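Asker: From first to last, the protein sequence lines stand for chains V and H.
Numbering-wise (the working numbering), the first sequence opens with residue 89 and increments by one.
Numbering-wise (the working numbering), the second sequence opens with residue 2 and increments by one.
Virtual Cβ for every residue (Gly too), placed ideally from N, Cα, C.
Note that the structure is predicted; figures quoted are calculated from it, not measured.
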Amino acid sequence: MYRVELLPGSTTHVTPGWTYVPDRGFDPAKAAITPTIGRKRGIRDPGRTDLSSRQTNAIIRHLAELDRENHRDVQIQVPVRQKEPAAPRGTRTKVTSNVRRILQSQKTFRNYLDDEEAAQASTPGATTAATNPASAAAAGAGSGTAAGHRGSIHRITKSSTAATTPSSLRRSSTPVSSRGGDHHHHHRTKKQPSIPPSQPQPQPPSSRASTLPATTPVPIPETTAGSPAPPTDTPTKTEDPEPNTTTLIRSEHDTNPLLRSYLPAPPSERIMQALLAEPPLTYHAARAGPPLAPRRSPRHFCCMCGYWGKIRCKNCHARTCGLACYKVHEDSRCGAFF
Amino acid sequence: MGSAKPRPSGGRASVAKAPTLQALPDKTFIVDNGAYTLKAGYAPEYPPPEDEEKALSACATIPNTIVKTRGNRIYVGSQLNTHVTDWNEMSFRRPVEKGYIVNWEAQKEIWEHSFFDEKTVRSKELRITDPEDTTLVLTEAPNALPVLQKNADEIVMEEWGFGGYYRSLGPPLNAWNELNTVFGDPVVKEADSVVSPRECLLVIDSGYSHTTVTPVYRGQPLQRAIRRLDLGGKHLTNYLKEMVSVRQYNMVDETYIMNEVKEAVCYVSNNFVGDLEQTWKGNRKRDLSDSQEGVAVDYVLPDPNAGKKGFMRPHDPLLNAKKRKGALSGASAEALSEDALVLGNERFTVPEVLFTPSDIGMKQAGIPDIVLQSLSVLPTGLHPAFLANVLVVGGNSLLPGFMERLETELRQLASAECVVRVRCPQDPIRSTWLGASRLATNREELKKVAITRQEYQEYGSSWAGRKFAGA
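Here it is in structure tokens:
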């Protein structure tokens, strides 16, 4: 569960009692026991984070409450079978030791998860080894960092979006031709030297469509119709053996690289195989992170009627919508403070 | 492994040539082992039925629980639907926790009761008479703990001794369904072609314990992109229960009833702010009674003594006044004895947490955001294909308005070049089972992934675990 990790460093000297550890962000698994900020200051007042530790703990308790099957703890025994247990077993012989062990185990999911985490922590090499194939696929998704901790997952998602945007995937059509080997690409690759290097090389929409996965029908009308300047006419266009005959009005802005609409090419079969071969993430690593773009500030609701919680109780941090609800709250539930 | 019983011959194939490889049994039994219900049945013969209804007729939905009524009687599995008349204060024991089979003691009892014990199995079509001649396809939730997977393999192969076995993630099986009609794509009819998976599909499985997002490529999951939101139908029920208990009657022990209430009244709002304004209690004082009518409903609670089930009806703001009047004038006792919950903003603020988990203080993103989080670790070239093929399965997709809201929000978040199509199969609950049954008709594919009893006895459970992990 909660343990203090002493990291060996070159410059730091070990002081008993405290150490610097990297901040891995919010970890719901540990938040219940780890105070968000040190000592007493965080208990009531939100400090560095936007919630005080009391509020955080209350939320964690609430979520645990929502996760329950029954409101109170009940023990429901498996009903005893009337007939002797040997009868339905039929041809089967006696219970193996594995089966007996599993059936008698009363462990909960929480126990299993803790075991798993402890095992992972004791063999740190295992996690990196497990995630190594991920970096094998880095050619496609552009991320090489280990995905062991849930904190780092987020970094991966960010870095990979940044890393995939550069040219390797979307720009040139040549690497993609390995996929289908379709005619457009071969023409394109032959033509390439004739294009002035300064000019961005546009593709007719039809060739972009053909690079999509073949059997999955993806309608792309919006791409062709909605793009601000469909890049159809260039010097190469006229020489194209398969001219695109759609009637689009030409303008001098068609070649403007800023107006081009990209539909990135699908990755090659090799990348797909590498992606498919990856091992599953751990339970914690698969948990979804916080919103990518936290636009709105959190909404608060009245704890009594569910309308907007505009005012905050001065004793506890519960919200109410107005005086009527506040009075009810004060009389009944106030004091169950955070 | 030495403890497994030494049987000279497992199936018919091995009778002829004992030392050769045992073939996979022909019959395939599929169990989609959900936390709330398990979906089970035999897979059809090779050309799978065209008609979805017909294909689903082989699949039974059985509550995956052992319940105790307030009379301290214990019922198992499907008895919940047939034997129980009093749902008050019912408590549940579920073998599946957080989507994974954890307690095999209870799970074994439910399986025995539903599939093996001839006295309690509901119909002959559901009975597994000889596991040795049956291949079992068992689904699991993504990102399971290896220990739990090993437990499942050992129990299946050593306790029941199935002749063949395949443990698969649930969501990817949906790719085997006939989805062209669902997405409105042209149906390509090819005579006696084998069933094959859809090339790109993004499955959102919103079930009882959690909601997962799984990109599926040619029937296989892209593991690095699987994401999970720890909110599911259970949390919605409990949240509604908690709200109602604070505001109206104390319902904290009435999980079953509140689940029924949730299924009857809850919906996903496509105009949250507007709906919330509409249900403001201040409107009542200002006598804007017409605006109230839109959202608020009454739910009449079930009455076990009179043997009546609960039901929803339009809200009657004058109900209490009428009751008082009726009591004076001696109206029917029936109308006086009924208890009703008034549900206003509870109807849409509860499912709202799936889209805005921060409403209950959770630091996870909503479902549309998670879809993008999932895609962000994949090559951008795949995004258009996945966004155009989003399939939602699981019970929560039955909430009215869920699909519209998801499509709207996803459209706003996704890049403008991509087409966004969010669809729901005809039966979102049994869709995974249906996909598995279609996979089972493709013998070649199944042979590639499944293991036989002989192989298990030879190589053991850790080998089986590696094989199912695709390594």
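Here's a check: name, in chain order, each residue in its chain whose Cβ is nearer than 8 Å to the Cβ of Met306 (chain H), leaving out the five neighbours to either side.
Answerer: The residue you call residue 306 (chain H) lines up with position 305 of the second sequence. Looking at the sequence provided, one finds Asn at residue 306 (chain H) rather than Met. None.
Asker: Just by C-beta distance, which residues in the region 90-101 of chain H are closer than 8 Å to chain B?
Answerer: The displayed structure is made up of protein chains V and H, and chain B is not among them.
Asker: Mind reading off the beta-carbon distance from Asp33 (chain H) to Ala437 (chain H)? Whole number of angstroms is fine, and I expect it under 8 Å.
Answerer: What you label residue 33 (chain H) is simply residue 32 of the second sequence in a count that begins at 1. What you label residue 437 (chain H) is simply residue 436 of the second sequence in a count that begins at 1. About 7 Å separates the beta carbon of Asp33 (chain H) from that of Ala437 (chain H), a gap short enough to meet the 8 Å contact definition.
Asker: Kindly say whether Ser210 (chain V), judged by its beta-carbon, lies nearer than 9 Å to any beta-carbon of chain H.
Answerer: Start at 1 with the first residue of the first sequence, and residue 210 (chain V) comes out as number 122. Judged by the 9 Å Cβ criterion, Ser210 (chain V) is not in contact with chain H.
Asker: Please name the residue or residues paired with Phe389 (chain V) in a DSSP beta bridge.
Answerer: Locating residue 389 (chain V) in the first sequence gives position 301, where the first residue counts as 1. Looking at the DSSP output, Phe389 (chain V) shares a beta bridge with V:Trp396.
Asker: Pair every Cβ in the region 163-173 of chain H with every Cβ in the region 134-153 of chain H, then say whether three or more of these pairs are closer than 8 Å.
Answerer: Yes, they touch.
Asker: Over the uninterrupted alpha helix (DSSP H) stretch that includes Ser130 (chain H), give me the two end residues.
Answerer: Here residue 130 (chain H) refers to the residue found at position 129 when the second sequence is read from its first residue. With the sequence shown as reference, residue 130 (chain H) is identified as Thr, and Ser is not the correct amino acid for it. Counting along the chain, Thr130 (chain H) falls outside any alpha helix (DSSP H), and DSSP gives it neither H nor E.
Asker: Quick check on the DSSP output: the alpha helix (DSSP H) that includes Glu205 (chain V) runs from which residue to which?
Answerer: Position 117 of the first sequence, counted from the first residue, corresponds to residue 205 (chain V). Its alpha helix (DSSP H) spans residues Phe197 to Ser210.
Asker: Could you tell me the boundaries of the beta strand (DSSP E) in which Lys28 (chain H) lies?
Answerer: Your numbering for residue 28 (chain H) matches position 27 in the second sequence. First-last of the beta strand (DSSP E) with Lys28 (chain H): Lys28 to Asn34.
Asker: How should Gln224 (chain H) be labelled, buried or exposed, when 16 other C-beta atoms within 10 angstroms of its C-beta is the threshold for buried?
Answerer: Position 223 of the second sequence holds residue 224 (chain H). Buried is the call here.
Asker: In three-state terms, what does DSSP make of Lys69 (chain H)?
Answerer: Numbered from 1 along the second sequence, position 68 holds the residue referred to as residue 69 (chain H). DSSP places Lys69 (chain H) in strand when its eight states are reduced to three.
Asker: Out of V:Val187, V:Gly397 and V:Asn186, state which residue places its alpha-carbon closest to the alpha-carbon of Pro386 (chain V).
Answerer: Working through the first sequence from its first residue, we reach residue 386 (chain V) at position 298. The shortest Cα separation from Pro386 (chain V) among V:Val187, V:Gly397 and V:Asn186 belongs to V:Gly397.
Asker: Under 9 Å between beta-carbons, which chain H residues line up against Asp203 (chain V)? List them in chain order, please.
Answerer: In the first sequence, the residue the question calls residue 203 (chain V) occupies position 115. The answer, in chain order, is Leu146 and Val148.
Asker: Please classify Ala353 (chain V) as buried or exposed, where buried requires at least 16 other C-beta atoms within 10 Å of its C-beta.
Answerer: Within the first sequence, the letter at position 265 stands for residue 353 (chain V). Buried.
Asker: Would you give the residue range spanned by the alpha helix (DSSP H) that Arg168 (chain H) belongs to?
Answerer: Residue numbering aside, residue 168 (chain H) sits at position 167 when the second sequence is read from its first letter. Note, Arg168 (chain H): premise wrong, no alpha helix (DSSP H); beta strand (DSSP E) at Gly165 to Leu170.
Asker: With DSSP as the reference, label Met475 (chain H) as helix, strand or coil.
Answerer: Only positions 2 to 472 of chain H appear in the structure, and residue 475 (chain H) is not among them; the question remains open.
Asker: DSSP three-state call for Pro222 (chain H): helix, strand or coil?
Answerer: As a working note, residue 222 (chain H) is residue 221 in the second sequence. It is a strand residue.
Asker: Tell me which residues share the same chain as Asn144 (chain H) and place their Cβ nearer than 7 Å to its Cβ, disregarding the 5 neighbours each side in the sequence.
Answerer: The residue labelled residue 144 (chain H) in the question sits at position 143 within the second sequence. Only Ile227 and Arg229 meet the Cβ criterion.
Asker: Cβ of Cys419 (chain H) within 9 Å of Cβ of Pro380 (chain H)?
Answerer: In the second sequence, counting from the first residue as 1, residue 419 (chain H) sits at position 418. In the second sequence, counting from the first residue as 1, residue 380 (chain H) sits at position 379. Cβ distance not < 9 Å, so Cys419 (chain H) and Pro380 (chain H) don't count as in contact.
Asker: With a threshold of 16 other CB atoms inside 10 Å of the CB of Thr196 (chain V), please say whether the residue is buried or exposed.
Answerer: One-based indexing of the first sequence puts residue 196 (chain V) at position 108. Its Cβ having fewer than 16 others within 10 Å, Thr196 (chain V) is exposed.
Asker: Cys201 (chain H) bridges to which residues according to DSSP?
Answerer: Indexing the second sequence from 1 puts residue 201 (chain H) at position 200. Cys201 (chain H) pairs with H:Tyr218.
Asker: Have a look at Arg243 (chain V) and Leu380 (chain V) and give me their C-alpha separation to the nearest angstrom.
Answerer: One-based indexing of the first sequence puts residue 243 (chain V) at position 155. One-based indexing of the first sequence puts residue 380 (chain V) at position 292. Low confidence applies to Arg243 (chain V): its pLDDT is 40, below 50, so where it sits in the model is not reliable enough to give any reading.
Asker: What are the partner residues of Ala41 (chain H), as DSSP defines its beta bridges?
Answerer: Within the second sequence, residue 41 (chain H) is the residue found at index 40, counting from 1. Ala41 (chain H) pairs with H:Val32 and H:Ala61.
Asker: Could you work out which residue in V:Cys409, V:Asn158, V:Cys391 and V:Ile190 is closest to Ser420 (chain V) when comparing CA atoms only?
Answerer: As a first step, residue 420 (chain V) is located in the first sequence; it is residue number 332 there, counting from the start. Nearest option by C-alpha distance: V:Cys391.
Asker: Distance, Cα to Cα, Glu278 (chain H) vs Leu344 (chain H)?
Answerer: For the purposes of this step, residue 278 (chain H) is taken as the residue at position 277 of the second sequence. For the purposes of this step, residue 344 (chain H) is taken as the residue at position 343 of the second sequence. Distance between the alpha carbons of Glu278 (chain H) and Leu344 (chain H): 15 Å.
Asker: Among H:Thr212, H:Leu25 and H:Asn181, which one has its Cα closest to the Cα of Ser197 (chain H)?
Answerer: Here residue 197 (chain H) refers to the residue found at position 196 when the second sequence is read from its first residue. It is H:Asn181 whose Cα lies nearest to the Cα of Ser197 (chain H).
Asker: Using Cβ-Cβ distances below 7 Å, what residues of the region 208-225 of chain H are close to chain V?
Answerer: Tyr218, Gln221, Leu223, Gln224 and Arg225
Asker: Any chance the region 93-103 of chain H sits against the region 117-126 of chain H, with 3 or more Cβ pairs inside 8 Å?
Answerer: no
Asker: Do you know how far the Cα of Glu46 (chain H) is from the Cα of Glu243 (chain H)?
Answerer: Start at 1 with the first residue of the second sequence, and residue 243 (chain H) comes out as number 242. Start at 1 with the first residue of the second sequence, and residue 46 (chain H) comes out as number 45. Cα-Cα distance, rounded: 48 Å.
Asker: Identify, in the order they occur along the chain, each residue of the same chain with its Cβ nearer than 7 Å to the Cβ of Lys235 (chain H), setting aside the five sequence neighbours on each side.
Answerer: For the purposes of this step, residue 235 (chain H) is identified with residue 234 of the second sequence, where counting begins at 1. Excluding residues within five positions, the ones whose Cβ falls inside 7 Å are Tyr209 and Ser210.
Asker: Let's see if you can read the secondary structure: which residues bound the alpha helix (DSSP H) around Asp317 (chain H)?
Answerer: Taking the first residue of the second sequence as 1, we reach residue 317 (chain H) at position 316. That residue, Asp317 (chain H), is in no alpha helix (DSSP H); it is neither H nor E in DSSP.
Asker: Answer yes or no: do Val421 (chain H) and Ala389 (chain H) have a C-beta to C-beta separation smaller than 9 Å?
Answerer: Working through the second sequence from its first residue, we reach residue 421 (chain H) at position 420. Working through the second sequence from its first residue, we reach residue 389 (chain H) at position 388. For Val421 (chain H) and Ala389 (chain H), yes; Cβs fall inside 9 Å.
Asker: By the criterion of Cβ-Cβ separation under 7 Å, what are the contact partners of Met363 (chain H) in chain V?
Answerer: Looking up residue 363 (chain H) in the second sequence gives position 362. Within 7 Å Cβ-Cβ: Leu151.
Asker: So for Val416 (chain V), helix, strand or coil by DSSP?
Answerer: For the purposes of this step, residue 416 (chain V) is taken as residue 328 along the first sequence, with counting starting at 1. Helix at Val416 (chain V).
Asker: Alpha helix (DSSP H) containing Arg189 (chain V): first to last residue?
Answerer: Here residue 189 (chain V) is taken as the residue at index 101 of the first sequence, counted from 1. Run containing Arg189 (chain V): Ser185 to Gln192, per the alpha helix (DSSP H) assignment.
Asker: Note the first and the last residue of the continuous beta strand (DSSP E) segment covering Asp299 (chain H).
Answerer: Mapped onto the second sequence, residue 299 (chain H) falls at position 298. Annotation: the continuous beta strand (DSSP E) that includes Asp299 (chain H) extends over Val298 to Val301.
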